[in-house]
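Here the structure is laid out as structure tokens; the discussion comes afterwards.
Protein chains: 2
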Amino acid sequence: MERTNTVTLFETIATLLEKKRYPTLRDILTTMNPVDIAAAFEEIGSEKCALLFRLLPKELAADTFVEMDEEMQEALIHGFSDTELKEVIDELYVDDAVDIIEEMPANVVKRILRQADPETRKEINEILKYPEDSAGSIMTTECVILRPKMTVEEAIKRIRRTGIDKETIYTCYVADDFSTLIGIVTIKTLLLSDEDEILENIMETNVISVNTLDDQEEVAQMFNKYNFLALPVVDKENRIVGIVTFDDAIDVMEEEATEDIQKMAAITPTADKPYDKVGVFETYLSRIPWLLILMISATFTGIIITSFEDALAGSLVLSSFIPMLMDTGGNSGSQASVTIIRALSLGEIEFKDIIMVIFKECRVSLLCGVTLAAANFAKIMLFDRLVLGNTALSVTVALVVCLTMIVTVFIAKLVGCTLPMFAKKIGFDPAVMASPFITTIVDAISLFVYFQIATALLRI
Amino acid sequence: MERTNTVTLFETIATLLEKKRYPTLRDILTTMNPVDIAAAFEEIGSEKCALLFRLLPKELAADTFVEMDEEMQEALIHGFSDTELKEVIDELYVDDAVDIIEEMPANVVKRILRQADPETRKEINEILKYPEDSAGSIMTTECVILRPKMTVEEAIKRIRRTGIDKETIYTCYVADDFSTLIGIVTIKTLLLSDEDEILENIMETNVISVNTLDDQEEVAQMFNKYNFLALPVVDKENRIVGIVTFDDAIDVMEEEATEDIQKMAAITPTADKPYDKVGVFETYLSRIPWLLILMISATFTGIIITSFEDALAGSLVLSSFIPMLMDTGGNSGSQASVTIIRALSLGEIEFKDIIMVIFKECRVSLLCGVTLAAANFAKIMLFDRLVLGNTALSVTVALVVCLTMIVTVFIAKLVGCTLPMFAKKIGFDPAVMASPFITTIVDAISLFVYFQIATALLRI
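Top to bottom, those sequences are chains A and B.
My numbering puts the first residue of the first sequence at 2, with every later residue one more than the last.
My numbering puts the first residue of the second sequence at 2, with every later residue one more than the last.
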């Protein structure tokens, strides 16, 4: 299959390039997918690629350009003559042009906008106005708009005439004279209907649309829920201004999942850049604030230990269980929090389900706590005492540890399931309420419980 | 917009149902999206829904049936007469029928297969043969297959005739007499080409396809990479046997992201069920094994503490820093591991990049370690000593803590970035090498380092 061959193909291309076999190179490149050509270009390096890029037919060149990373795009633009730049820009879909512009430095942006034709420039500027992460910012304005009184035949004719420049022709939008979106009709419906049928009669009038200012994550969730190919974007007056296509929604989904995962691990998300493109200092900056905050919070745990120093001095064996209790508490809490965060972000649960969630997590935590305590009790009694002969471990100490375990797991799951829900309720991103945060809170609580139970049972 | 209204619509539907206003109900339901109807049915409950379901036109009924959860589907099937069941089955796409069958108990499966017509039954059995999570298991056999010698006009005629039963008509596949896949052609190309053009001349011959046995995650990644609407699935002889459509790929993507997130939090994935559908005991079972394993591993940390008991008794203040050091080590390690796991799963890095990864993480970890140590030193000297007047905290103790911090963060990041890569290399899922696992390892190492440095510097 193609994709397994792309790696070795890079070498062939590089060799042919050195031998200046341009016609052969052109033949090879034109049979390749733009994604694979872009990958090959990145392997080969930007200096040599300017030459290769000029071998590509216009449309393929534009499609390949979109798939490159921003450094490569910038390098190529610097090498372009104004005419070459104009040719690429003209072939781009407006939403792709916007994506590229957003990553370029100001002087390159100016050059691109100068070369774009006035109509395109206007559309680009239109989209650039929408806030980042909004539906408006990821939409394209190039969609097929039809009129309600058209016949199927007229509609197909119109699509044939104008379709070449549209990002998708598979879902067409029916709007009235004021651009108000009144229906959608798919190519499938058009092809399977009678030629004389009027669109009004066959269009789907129950149109699900998004607003220009809706959050992109919400938009992606609607694709996931409804399996659309494209979603119309309307303004406040319900006039159609563009569409979001499924490929953009897939990108948003991956991006949002990565962001959630990063936040769960106490990392400030790094604007959708692949690992190898993020610099050392940038990586440092995305990680250090959280490490500092969590380190400072963890000192509270230290304060608790200090205030129970006497108890600890009286029964030194107690301190050897601290890491195990802290870790188990942290793990239990993050199991609950991560489950809840994911369920919230997939829309499986909402704040109103909080009672159901708490009730369920409480039952799960009791089951887990008792199992862990029992395993632990057995381990202390059979392994630590009998096998290792550690006589400092009395039955009472074992009881203290096991009781603390049950209480800790219970509290950890409770904190783990409620915090993300409250965070979402008051408008924070629940993903930051994951493992590291929960661990810090649960650590302090579990140590406090541990020493309380210890002082009570061991009378120290 | 529609989606904001769906919640209140549930109540309207329930009220109308009580009042037995069936024609009105039918009118409302037919304007709704199948996804929203299914959601409404779930709110209303399965007993009352059998009635509502019968109000739906055939095609909408089948589309709605697909969107329901399995309990609702099973309840409805139990209430169906054989004729009703047959009507629903006939309307389903084969891949949806397979999805449903996979969730049903054996007696229901038998009933469904008995009602399916022989051709469909054969296709269903065909797909059921493929291993779970393979491309074959998520594909559908209903795609448009064209011949290379057809004209555009003939192709469109064929699509018009057979398209109604196909899951997608937007990408058509060109195969020779032996079913070998030789090209693809989109409806867009067909509509924008001359009617007399021969498919051979306009089809895309550089076909990217997947094999029936390829892993579904790989398939989903190809959708993400190439932005396809559908991908052809071929057998070993390159004969086309079906297609995977983008909506199935989106489902797989979400499912795999959830699985990764669950594994990262030490949870055994729960087969793509939403939170509220997983029972308490099932939740317990998915969480307890990891908690037990991690608890047992954490006792090693206890052993380290015990073996340094004398050092600890000599300088009790040391124990108050244990939680902070452990937490910071754990957090640093999981930042690295989670970043690497995500980059691996998105295909951004591979095992061959391990040197680059280690070099980068080392630099990041030194920056982080030194910053954290400096902040910590300042805090101990200025806050703990001056403000709180804790004189037990000598400069040497502060130095011990800060040195340990630098070493711990360094080791944590190193372990965090290498373990997932080695796991992937030897064929394990890197996602299990996330926070909980890394934390346990880093805890033990950091404590060991702490006591070594303490004994050396404090001479205890």
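We put the CB at the ideal spot given by N, CA and C, even for glycine.
Does the CB of K226/A have a neighbour CB from chain B at under 7 Å?
yes
Within chain B, partners of Q453/A - CB distance below 8 Å
Residues of chain B passing the Cβ test: none, with the nearest at roughly 17 Å.
Within a Cβ cutoff of 8 Å, which residues of the same chain sit near L182/A, ignoring the five residues on either side of it in sequence?
Y174, V175, A176, V208, S210, P233, V235, N239, R240, I241
How many angstroms separate the CA atom of F429/B from the CA atom of G348/B?
16 Å
Cα-Cα, which of L193/A, D91/A, L30/A, K274/A is closest to R55/A?
It is L30/A.
Give the range of the alpha helix (DSSP H) segment to which I209/B is assigned.
It is not in any alpha helix (DSSP H) - I209/B carries neither H nor E in the DSSP assignment.
Would you give the residue range spanned by the beta strand (DSSP E) that L147/A belongs to?
144-147
Taking 7 Å as the CB-CB cut-off, is Q217/B touching chain A?
So no, Q217/B is outside the interface.
What does the alpha-carbon distance come out to for the pair A15/A and C50/A?
For A15/A and C50/A, the distance between alpha carbons rounds to 10 Å.
Are S447/A and T409/A closer than 7 Å when you measure CB to CB?
yes
What is the residue span of the beta strand (DSSP E) that Y171/B lies within?
Counting along the chain, the unbroken beta strand (DSSP E) around Y171/B starts and ends at 169-176.
Which residues in the same chain as L1/B place their Cβ atom closer than 7 Å to its Cβ, once the five residues preceding and following it in sequence are excluded?
No answer is possible for residue 1/B: the residues shown for chain B start at 2 and end at 461.
Ends of the beta strand (DSSP E) at T187/B?
182-187
I need the straight-line Cα distance from T13/A to V110/A, nearest angstrom please.
35 Å
DSSP on S135/B, reduced to helix/strand/coil?
The answer is strand: DSSP assigns S135/B an E or B state.
Endpoints, the alpha helix (DSSP H) within which I297/B is located
281-308
Interfacial residues, the region 314-328 of chain A to chain B, with Cβ spacing under 7 Å:
A314, L317, S320, S321, F322, I323, P324, M325, M327, D328
Let me know the secondary structure DSSP gives T246/B once reduced to three states.
strand
Is I427/A helix, strand or coil when you go by DSSP?
coil
Proximity below 7 Å, CB of I407/A to CB of A374/A
yes
Which two residues bound the contiguous beta strand (DSSP E) that contains A39/B?
Counting along the chain, A39/B falls outside any beta strand (DSSP E), though it belongs to the alpha helix (DSSP H) covering 35-45.
Compare the C-beta of I241/A against all C-beta atoms of chain B and say whether one is closer than 7 Å.
For I241/A, the closest Cβ of chain B is not nearer than 7 Å.
Enumerate in chain order the residues of its own chain whose CB-to-CB distance from I268/B is below 8 Å, with the five nearest sequence positions on each side excluded.
S287, R288, W291
Assuming A393/A and M382/A make a contact with CB atoms under 8 Å, what is their CB distance in whole Å?
Actually they do not touch by this definition, with Cβ atoms about 13 Å apart.
Can you grab the Cα-Cα spacing for the pair I203/B / E143/A, in whole Å?
24 Å
Does any residue of chain B bring its CB to less than 7 Å from the CB of R161/A?
yes
If you measure between the beta carbons of V443/B and A424/B, is that distance less than 7 Å?
no
Going along chain A, which residues have a C-beta under 7 Å from Q336/B?
A266, A267, I268, R288
Cβ neighbours of N377/A in the same chain (closer than 7 Å, five flanking residues each side left out)
V402, C403, M406
Inter-residue spacing [alpha-carbon to alpha-carbon] between M140/B and C363/A:
40 Å
T141/B - DSSP class collapsed to helix/strand/coil:
strand
E283/A versus A299/A - alpha carbon distance:
Those two C-alpha atoms are separated by around 25 Å.
Let me see if you follow: with CB-CB separation under 7 Å, is P58/A close to chain B or not?
no
If we ignore side chains and look at the alpha-carbon of each, how far apart do T5/B and S138/A end up?
A caution first: T5/B carries a pLDDT of 45, below 50, which makes its placement in the model unreliable, though a value can still be read off. Distance between the alpha carbons of T5/B and S138/A is about 22 Å.
With DSSP run on the structure shown, which of helix, strand or coil describes L10/B?
DSSP places L10/B in helix when its eight states are reduced to three.
Taking beta-carbon pairs under 7 Å, can you tell me which members of the region 271-282 of chain B lie near chain A?
The residues in question are P275, Y276, D277, V281.
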